[in-house]
Every structure is written in C-alpha cells, then in structure tokens.
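Participant: My questions will all concern the structure given below.
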Amino acid sequence: MQEKNSPSIHFLPAKNVREKLTSICETVRQHFAKQKRILIAAPNEEAARYLNALLWKQPEESFLPHIWSESQTEECVAITFSKNNVNQAAVLLNLCPSVHSEWDSFEQIYDLFDETDPEKQKASESRHVYYTEKGCQIHFEPPIHLEVNDR
C-alpha cells in the first residue's frame, strides 16, 4: 500500500495586521486566478464574518468572489469555521490557532506565522513543530508588499 504524501506547508508572514491581511488576500487572489479551489478555515464566526466582508472589498478595483458556508458548496473560494472541507479544496488557508483536523487531506496548506501577539506567535510555533514532526515540507514565504484596505 502506497503511503499518502504529506501536504506542502507554506507559512505566510504576519508581523503586523497589515501584513497579515495582505498575505491572506493575495494568497486567495492567486489561487482564484488559477481557478484552484481554496478553503479558508476561520477560527470562529466573527473572523469568518470579517473575512467575508474583506474579500468583497479586495482588491480595491474589484473583489474576490467567494462564499461563506458551513455546508457543502461548489464555490472555488469558501470561508468556513466548521472543521469540514466544504468545497472539496486541495488547498487550505488555515487561520485557526491549531492545526486543521483534516490537514492531511489537503495537497497544500497556507498557514499564518502570526507574530502580532505573543500567544499567536506561540500557536504558530506549535503548528510549525507539529508539521515538522509529521515530516511535511515547510516553506516560509517572503512578505508580500501590497496595500490592503480593510475599511
């Protein structure tokens, strides 16, 4: 029996809120442009609501079509705070403080390396250790230098 490959893990820099929002929006935009399904795992309903509003305003000259859903959908970009892969995506953008419960069902995972708060940094370091122990290939992405307007 052939062993399943571990997903590649891409840590996105988040030294401040602007960098965090830019990383999130640009990662979603890149996958949408390639028509690759991406699941955005939010930690709670409040965060999902915020992300939903943000993606309707970004990029400024347009928006990123998406859906906020807790049930199955065929949309390319889905935001959820459930633990399910609601759009059968191969790519996960994990915004939760812990590793997603279905992490090994994805081909690629984007995860914030959040340094905006000591508790968030500790959670990021714990996820990094977890993925390393599971033998995942880990990449630290460079900062993206775009302006994101979250208003």
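Residue numbers (the numbering used here): 3 to 153.
Positions of the beta carbon are idealized from the N, C-alpha and C atoms, including for glycine.
Keep in mind it's a predicted model, so treat the numbers as computed, not measured.
Rounded to whole angstroms, what is the Cα-Cα separation between LYS122 and ASN54?
Facilitator: Locating residue 122 in the sequence shown gives position 120, where the first residue counts as 1. Locating residue 54 in the sequence shown gives position 52, where the first residue counts as 1. Spanning the two alpha carbons is a distance of roughly 22 Å.
Participant: For ASP116 versus LYS22, is the C-beta spacing smaller than 8 Å?
Facilitator: As a working note, residue 116 is residue 114 in the sequence shown. As a working note, residue 22 is residue 20 in the sequence shown. For ASP116 and LYS22, yes; Cβs fall inside 8 Å.
Participant: From the DSSP output, read off the bridge partner residues of THR82.
Facilitator: Along the sequence shown, read from residue 1 onward, the residue named residue 82 stands at position 80. The partner list for THR82 (beta bridge, DSSP) reads ALA43.
Participant: Going by Cα to Cα distance, which pick from TYR112, VAL19, SER126 is closest to ALA92?
Facilitator: Within the sequence shown, residue 92 is the residue found at index 90, counting from 1. Taking only the C-alpha atoms, the option nearest ALA92 is TYR112.
Participant: Tell me which residue opens and which closes the beta strand (DSSP E) that HIS141 is part of.
Facilitator: Counting from one through the sequence shown, the residue named residue 141 turns up at place 139. Taken as a continuous stretch (DSSP letters only), the beta strand (DSSP E) holding HIS141 covers 140-142.
Participant: Within the same chain, show all residues whose beta-carbon is closer than 8 Å to that of THR82, passing over the 5 residues directly before and after it, in chain order.
Facilitator: As a working note, residue 82 is residue 80 in the sequence shown. LEU41, ILE42, ALA43, ALA44, ALA50, TRP70, SER71, GLU72, VAL88.
Participant: Go to SER73, then tell me how far its alpha helix (DSSP H) extends in each direction, as first and last residue.
Facilitator: Locating residue 73 in the sequence shown gives position 71, counting from the first residue. Where SER73 is concerned, there is no enclosing alpha helix (DSSP H), given that its DSSP letter is neither H nor E.
Participant: In or out: GLU5 buried (at least 16 other Cβ within 10 Å) or exposed?
Facilitator: Taking the first residue of the sequence shown as 1, we reach residue 5 at position 3. Note on GLU5: pLDDT 43, under 50, position unreliable in the model; the coordinate value appears next. Per the 10 Å Cβ criterion, exposed.
Participant: Only counting the same chain, and skipping five residues up and downstream in sequence, which positions put a Cβ closer than 8 Å to that of VAL30?
Facilitator: Here residue 30 refers to the residue found at position 28 when the sequence shown is read from its first residue. For VAL30, where only same-chain residues beyond five positions count, the Cβ hits under 8 Å are ILE40, ILE42, LEU57, LEU66, HIS68, VAL79, LEU95.
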